[in-house]
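Peer 1: Take this structure first; my questions come after.
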Amino acid sequence: MPLILDKTMPVYSLLQREDPGLLADHIPDHRVHLLLFNLMSDKIQTELQYLRCLGTSKYYIQVEFLRQVSFTSPRQDVSYLEKYYLTEQDIASRSFDAMLITGAPLEHISCEDTLYWNEFCRIMQWSKTHVKSTFGGCWGAFAGVHWDFGIPKTNLNRKLSGIYPLQCPAPKEPLFHGLSQPLLIPLSRATDMDRQAVDACQELVLLAHTQSGSPVFLKSKDNRYIYCTGHPEYELDRLAMEYARDFGKEKAWVIPMPENYFTNNDPAKPPVDTWTAQGQQLFRNWIEYYVV
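Throughout the sequence shown, residue numbering follows our numbering, covering 2 to 293 in sequence.
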């Protein structure tokens, strides 16, 4: 079903040119109210990635956008943020059916050392009484698990980058309804979480992990919070762009070529899309089984 957006937003024009069927021409009485908490510096590109996935749902989804105010990247247009993004103060007395939290370019910075950590925690606390279901992606997942269950993220010496087949201990999990196995998902992170701490936490359910055991999908036992340490929203060329950006730069971790991504694992050849359809189905399932 179509998305309901502010028609003056740049992302509306981008979607209109790309796939006008994703956009609503009216506002129905029955619709999902979703808040997209966008922590990325490139706001418009991140909006586009998630909206492409959300727009395949059978439900009308009205999307509004939230930003942090404790820190603003110098790359961001403040006037754009002030025009199109809500703040913590704006949402204090409002309620939403769903909240989607993006990743953030924080790499090895601990949650507590993040400049907007206190603000993030207040918004998560607000979500307990004002949001039916919350989905955290990548940094949003690590931060959410740390906030809710006290499990800190850990640093990796070698970045996980590529398309990873997942093992699903709970194959009948509604989030995975209609998905073929193995579930494939892009990972792009230099962090992990303590698997033993995850397994020992009775209020946290591990839904899927990599073959080496790294948690990828988790949820709270009450089904209110879903966490994904990967990027089902990524477009086809995103990992190639990140690899080209990071290769040759001095980093705290080893920059590997993305696994299971380029044709014949040759970076001179185009990537193979093995995850987009599954990523769209994941977001449809989230809306269908946890939000509506």
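Every residue, glycine too, gets a C-beta built ideally from N, C-alpha and C.
Express the C-alpha separation of Val146 and Ala357 in angstroms, rounding to a whole number.
Peer 2: As shown, the chain starts at 2 and ends at 293. That puts residue 357 outside it, with no answer to give.
Peer 1: I'd like to know if the segment 77-88 and the segment 17-26 are in contact, where contact means that at least 3 CB-CB pairs between them fall below 8 Å.
Peer 2: The segment 77-88 vs the segment 17-26: no contact.
Peer 1: Tell me the residue span of the alpha helix (DSSP H) that contains Ile124.
Peer 2: Note, Ile124: alpha helix (DSSP H), 118-131.
Peer 1: In the structure shown, what three-state DSSP assignment does Phe66 receive?
Peer 2: Phe66: strand per DSSP, three-state reduction.
Peer 1: If I measure Cβ to Cβ from Ser58 and keep anything under 8 Å in the same chain, skipping five residues before and after, which residues do I get?
Peer 2: Around Ser58: Met2, Val33, Phe284, Arg285, Ile288, Glu289.
Peer 1: Just reading off the beta strand (DSSP E) that Ser221 is part of, what are its end residues?
Peer 2: 216-221 is the extent of the beta strand (DSSP E) around Ser221.
Peer 1: Pull up the CB-CB distance for Thr1 and Phe143, whole angstroms please, since I reckon it's below 8 Å.
Peer 2: Nothing can be reported for residue 1: it is not among the residues displayed for the chain, which extend from 2 to 293.
Peer 1: Below 8 Å on the Cβ atoms is my guess for Gly231 versus Pro187; work out the distance and round it to an integer in Å.
Peer 2: Yes, they are in contact, since the Cβ atoms of Gly231 and Pro187 sit about 6 Å apart, within 8 Å.
Peer 1: Measure the CB-CB distance between Ala209 and Val199 and report whether it falls below 9 Å.
Peer 2: No, the Cβ-Cβ distance between Ala209 and Val199 is not below 9 Å.
Peer 1: Quick check on His34: does DSSP put it in helix, strand or coil?
Peer 2: Reduced to three states, the DSSP call for His34 is strand.
Peer 1: May I have the straight-line CA-CA distance separating Gln197 from Leu219, to the nearest angstrom?
Peer 2: Taking the straight line joining both Cα atoms gives about 14 Å.
Peer 1: Whole angstroms are fine: how far does the CA of Val64 sit from the CA of Ser134?
Peer 2: Taking the straight line from one Cα to the other gives about 14 Å.
Peer 1: For Gly137, collect the residues of the same chain with a Cβ closer than 6 Å to its Cβ; drop the 5 residues on either side in sequence, then sort them by chain order.
Peer 2: The answer, listed in chain order, is Ile102, Gly145, Tyr228.
Peer 1: Taking Asn156 and His109 to be in contact with their CB atoms under 8 Å, please state how far apart those CB atoms are, rounded to whole angstroms.
Peer 2: Between His109 and Asn156 the Cβ distance is about 5 Å, and since that is below 8 Å, they are a contact.
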